[in-house]
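S.K.: Below are the structure tokens for one structure; questions will follow.
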Amino acid sequence: MKRIFEVGPWRVETHQFNQEDKRLQESMTAIGNDYMGMRGNFEEGYSGDTLQGTYLAGVWFPDKTRVGWWKNGYPKYFGKSLNAPSFIGIGITVNGEKLDLAKVKFSDFYLSLDMHQGLLSRSFVYHGHDVDVKFEFERFLHINLKEAALIKVKATVLKGHAKIDFDSTLDGTIVNEDSNYNEHFWMSLGEDDSDRTIQVKTKPNPYKVPQFTVLLKEGLRHDNEKIEGNVSTEEAKVSEKVSVELDEGQSYDLEKNVIVVTSRDVEDADQLAKANDLMEKLQSKSFDENLAEHTASWQKRWSKSDVVIAGDDAAQQGIRFNILQLFMTYYGEDKRLNVGPKGFTGEKYGGATYWDTEAYIVPMYLSVTDPAVTRALLQYRHDQLAGAYHNAAQQGLKGALFPMVTFNGIECHNEWEITFEEIHRNADIPFAIYQYTNYTGDESYVKNEGMDVLVGTARFWADRVHFSKLRNKYVLHGVTGPNEYENNVNNNWFTNTMAKWLLEYTLERLPKATKEAQVRVNVSDEEKAHWKDIADNMYLGEDKKRGIFLQQDDFLDKDIRPVSTIPENERPINQHWSWDKILRSPFIKQADVLQGIYFLNDRYTKEQKEKNFDFYEPLTVHESSLSPSIHSILAAELGKKEKAVELYERTARLDLDNYNNDTSDGLHITSMSGSWLAIVQGFAGMRYDHNQLKFNPFIPKNWDHYSFKINYRGRLIEVYVDHQEIKLTLIEGQTIDVWVKGEKVTLKKGESKCLKA
1 MKRIFEVGPW RVETHQFNQE DKRLQESMTA IGNDYMGMRG NFEEGYSGDT
51 LQGTYLAGVW FPDKTRVGWW KNGYPKYFGK SLNAPSFIGI GITVNGEKLD
101 LAKVKFSDFY LSLDMHQGLL SRSFVYHGHD VDVKFEFERF LHINLKEAAL
151 IKVKATVLKG HAKIDFDSTL DGTIVNEDSN YNEHFWMSLG EDDSDRTIQV
201 KTKPNPYKVP QFTVLLKEGL RHDNEKIEGN VSTEEAKVSE KVSVELDEGQ
251 SYDLEKNVIV VTSRDVEDAD QLAKANDLME KLQSKSFDEN LAEHTASWQK
301 RWSKSDVVIA GDDAAQQGIR FNILQLFMTY YGEDKRLNVG PKGFTGEKYG
351 GATYWDTEAY IVPMYLSVTD PAVTRALLQY RHDQLAGAYH NAAQQGLKGA
401 LFPMVTFNGI ECHNEWEITF EEIHRNADIP FAIYQYTNYT GDESYVKNEG
451 MDVLVGTARF WADRVHFSKL RNKYVLHGVT GPNEYENNVN NNWFTNTMAK
501 WLLEYTLERL PKATKEAQVR VNVSDEEKAH WKDIADNMYL GEDKKRGIFL
551 QQDDFLDKDI RPVSTIPENE RPINQHWSWD KILRSPFIKQ ADVLQGIYFL
601 NDRYTKEQKE KNFDFYEPLT VHESSLSPSI HSILAAELGK KEKAVELYER
651 TARLDLDNYN NDTSDGLHIT SMSGSWLAIV QGFAGMRYDH NQLKFNPFIP
701 KNWDHYSFKI NYRGRLIEVY VDHQEIKLTL IEGQTIDVWV KGEKVTLKKG
751 ESKCLKA
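All residue numbers for the sequence shown refer to my numbering, where the first residue is 1 and numbers rise by one.
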């Protein structure tokens, strides 16, 4: 596996620069602060192949859906995460030569993302005519002052004399790489040379989606003192030039401060005043003071979420990188937001919300963040229920259908087979209500707002099924399961299973709901009886001879053969085979049947789990970033330790090692929780059911030890595992009983309990 970054426990760094890997480098060194973020682009610009990308949370555009053949029910627009105005630009010329690493001579290249603090650093030595200059860059997005970006460049002349011109820019002319026909989404509202601002607005749309206005303001400092350069403007651009002349041994540092405010928070007319106030607040402290404050906040996050692995630096780097990127994308501080599958690292998937959040992010965030963070994710869906009802009505169905892709609750993805057939999400999303309730013990949500979600989705499923007289069962036709390498199938086992679960859970929770919620949802006795009939008589395909659940009708008619029969030069198959060939093959993109077994784990025997794993895993190409973690967890549970570790390594380093050859267009943010899940639910065997917290740990052979912390019902518990012992420590909270390898262990605050591994 080719690695473009060196392996280290707390840094993603390299001393090499290869132009062919530039986009990969940009993805892997992306930074964010859950308000905005950007790819690891170069401040001075780059004329080679690059994806210039800056993104603002919640700022998007409804781009007209363009398809060759329109189908009734199609979304009228495709939601795009907009490539926002770029504010990192600091163009540099040395003695008249433009600094561009695609063209100039340079040496001693170094690039580092410090995971302690989300700090991006870069340096190199430029070799010009009779002059050598070392350039050092640092930048971070402040997690305490969300609207603030800080960028610093230092130039040191190593040889000769240098006239260095810096050109600090704000550029609102950026175009999405995925735009239709080079379409521009931003209109200029004006530039101001005295305030050093630009203000832009998304162009009008016919879909009643609000337009977004963004104001950007910059300020320059040298030695922490404000300076003013030569300012010029053109449409949607501001340029501020500073020139210095340096002799050998002399240095000059230029700090660029940027404030970004949007109409999501500040009315258009008030944005300049707000930006001025924020800039004053930012510049009341030095670069180093702001960085120290930012770093201290990161350390608070790491103190509760870090996973320590001794003996395997690649594994250690992988999980910390994933936690960092997740927290830079979403930390629950804005309830209007969710976790985009690419976060702030690229344009693919439109940057919107998928079912990935509930299935993969929620189980991790329940343990490493305050319960309010997960509660905010639940509330996000409740706030968009009106859109879910709209989506179902568009298909002529009752109830609420949560979207596959959305910014506002309205479906905005235009691939029919995914958007309107992959409806299993309509149970996966409510499943987060169960997970939250089960883990926290807090029933207040499920008893009130959660009931709106459960009943709305139950009504959808009751209308979407039909009764098969042939089978004497309820069935679901024309669906796509989690395995997207099968479209438009009948009776996908996972979809049917989750629909059945949703109806059962809704019926179980209804009598416990608040009186107000029961009145609001108004479920009749007739409806309840119908839902129970469906749940009791849902068709779930099974091959009793093999002892497996059937992924869908007729799956066994395929040419069943393992992934190992695919020639290596044809992998990944989604980049080498036609879609027709993929659909006819037996190969599975991601966990499907096994996803259901993972979700409803306590319902299945070890024998059922083992037979299904042994049948389906060899058919799985893991070409979804969501796949390896689920298989790793189940492999660990089944004692298949080598397979569990192999798949952990894949999920932990999916992007760092570019396993699926698709990291160049952005990171796989919503699958990054998979590495945490694989360790905590897999290697440590953590389960929480029936008000019991359980562990069944093992340790990979080549690791010396590992440890992690979890928040659980007001407690902070540390789990340590090595080859000799398992140690649990209650750091905060009241005494609690937990189960380790089936043995009850009582934990008291400040005490540790050790058991033999």
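Glycine included, each C-beta is placed from N, C-alpha and C at the ideal position.
1) Taking the alpha carbon of V563 as the point to measure from, which residue in Y616, S188, G666 and W531 has its own alpha carbon closest?
2) Considering only the beta carbon of each residue, do V308 and F708 sit closer than 9 angstroms?
3) Given a threshold of 16 other Cβ atoms within 10 Å of its Cβ, counted over all protein chains shown, does R66 qualify as buried or as exposed?
4) Using three-state DSSP, classify F87 as helix, strand or coil.
5) So, for L507: in the same chain, excluding its five sequence neighbours on each side, which residues have a beta-carbon less than 7 angstroms away from its beta-carbon?
6) Considering only C-alpha positions, which residue in the set T202, L647, A517 and I699 is nearest to E623?
7) Would you mind giving the Cβ-Cβ distance between P9 and Q317, rounded to the nearest angstrom? I have them listed as a contact below 8 angstroms.
8) Are the beta-carbon atoms of D554 and N490 separated by less than 9 angstroms?
9) Looking at C-beta atoms only, is the number of pairs between the stretch 656-667 and the stretch 689-708 that lie closer than 8 angstroms three or more?
10) Round the Cβ separation of E347 and N176 to the nearest angstrom and send it over; I've been treating them as touching at under 8 angstroms.
11) Determine the closest residue to V258 out of R584, R264, N276 and D265, with distance taken between C-alpha atoms.
12) From T495 to G639, what does the alpha carbon distance come to, in whole angstroms?
13) According to the neighbour-count rule (16 or more other Cβ atoms, all chains shown, within 10 Å of its Cβ), is E449 buried or exposed?
14) Using the Cα positions of F140 and A269, report the straight-line distance between them to the nearest angstrom.
15) Straight-line CA distance for D442 to Y436?
16) Under 6 angstroms Cβ to Cβ from T93, same chain only, skipping five residues before and after it: list those, please.
17) Tell me the DSSP secondary structure of A292 in three-state form.
18) If I measure Cβ to Cβ from G733 and keep anything under 7 angstroms in the same chain, skipping five residues before and after, which residues do I get?
19) What's the gap between the Cα of V645 and the Cα of L503?
20) With DSSP collapsed to three states, give me the class of F613.
21) Under 8 angstroms: do the stretch 288-302 and the stretch 115-124 share three or more Cβ pairs, one atom per stretch?
22) Tell me which same chain residues have a C-beta within less than 7 angstroms of the C-beta of A535, skipping the five on either side of it?
23) Using the beta-carbon count (16 or more within 10 Å), is H823 buried or exposed?
24) Would you report the Cα separation of K226 and V244, rounded to the nearest angstrom?
25) Taking 9 angstroms as the threshold (C-beta atoms), are Y539 and V475 in contact?
26) When the Cα of V453 is compared with those of F420, N426, M672 and M279, which residue comes out closest?
27) Compare the C-alpha of E43 against each of I88, T14 and A149 and name the closest.
28) I need the straight-line Cα distance from E255 to H668, nearest angstrom please.
29) Counting along the chain, where does the alpha helix (DSSP H) carrying S444 start and finish?
30) Assign Q692 to one of three DSSP states: helix, strand, or coil.
31) Give the straight-line distance between the Cα atoms of D193 and K103, rounded to the nearest whole angstrom.
32) According to DSSP, is Q681 part of a helix, a strand, or is it coil?
33) The ligand NAD and C412: does the residue's C-beta get closer than 8 angstroms to at least one heavy atom of that ligand?
34) Use the C-beta contact count for D223: other C-beta atoms within 10 angstroms, 16 or more gives buried, fewer gives exposed.
35) Count the other CB atoms, across all protein chains shown, that sit within 10 Å of the CB of A386; report buried if there are 16 or more and exposed otherwise.
36) Check whether the stretch 196-212 touches the stretch 125-133, counting contact only when three or more Cβ pairs, one atom from each stretch, lie closer than 8 angstroms.
M.R.: If we stick to the structure as given:
1) Y616
2) yes
3) exposed
4) coil
5) K528, W531 and K532
6) L647
7) 6 angstroms
8) yes
9) no
10) 6 angstroms
11) N276
12) 28 angstroms
13) buried
14) 28 angstroms
15) 8 angstroms
16) D165
17) helix
18) G714, R715, L716 and K749
19) 36 angstroms
20) helix
21) yes
22) K500, L503 and E504
23) With the chain running from 1 to 757 in the structure shown, residue 823 is simply not present.
24) 16 angstroms
25) yes
26) N426
27) I88
28) 32 angstroms
29) S444 to K447
30) strand
31) 32 angstroms
32) helix
33) In the structure shown, the ligand NAD is absent, as is every other ligand, since no ligand is present at all.
34) exposed
35) exposed
36) no
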